[in-house]
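Report on one structure; see the data block that follows.
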Amino acid sequence: MGRALLVALLALALPVQAEVYTYLDKDGNRVFTDRPHAGNAQRLEMAPSNAMSPVAPQPQQRVPPPVLPPSYSLLRIIVPEPDAMVNNGTGDVIVTATSEPGLMAGHSFRLQLDGKPAGEGRSPVFPLTNLDRGTHTLAVEILDAKGRILERTPSQPLHVQRMSLSQKKRMFPCKTEDYGVREECPLKEKPPVQTDIPFVPFI
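For the sequence shown, the residue numbers in mature numbering (1 follows the signal peptide of the UniProt record, and there is no 0) are -18 to -1, 1 to 185.
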């Protein structure tokens, strides 16, 4: 066992192509060498080396960086302010947004009113008319040419106060020509027309 281990270690220490010889010296000791020796030296047959030739590294392919969509640093609604109160009697309001940078080519603004689209275009100004009384939500989006949302403002509340029909009727009483025209003056409530022709009984 010790001899075999010694042969293996000697084989590793010598060059790959070197030859190994062995012989007994005058004291009877086994000697291993890479040089032939006169007398009883024997050449050992070594197993072929399992060393592998180095593999040339493959050139790395450069992966192009991903193309990111254009981005905006700011998008917000400037009019009306959050929690604004509208009390103009008609429920009309103009929503105005702004972005930084300005709207890029192929992009558009879209207004969301109560979670539903209420206008779209290149202009950041959206007029709304005849909003019902109560609280509504507003949000503005920026869309790309394929209709994908690039940016969106947080939803903000808008409160609309409008006079009821009875309040309008009390403040502005209905005239004959108003019936069927004004919402608070329905035609069915129009009083009968009185004539000045006196009643003459038939004899």
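Every residue gets a Cβ at the ideal spot worked out from N, C-alpha and C, and that includes glycine.
The three-state reading of DSSP puts MET153 in helix, counting H, G and I together. Distances from the CA of PRO18 to each of ARG12, TYR3 and GLY10 were compared; the closest alpha carbon is that of TYR3. Within the model, the alpha-carbon separation for SER55 versus GLU82 is close to 6 Å. In this structure, GLN138 keeps its C-beta atom at 9 Å or more from the C-beta atom of ASP74.
A residue is called buried once 16 or more other Cβ atoms fall within 10 Å of its Cβ, and PRO173, having fewer, is exposed. Three or more Cβ pairs closer than 8 Å define a contact, and the stretch 145 to 158 falls short of that threshold against the stretch 127 to 135. THR72 sits in coil when the DSSP states are folded into three classes, being neither helix nor strand. If you draw a straight line from the Cα of PHE108 to the Cα of ARG115, it comes to about 19 Å.
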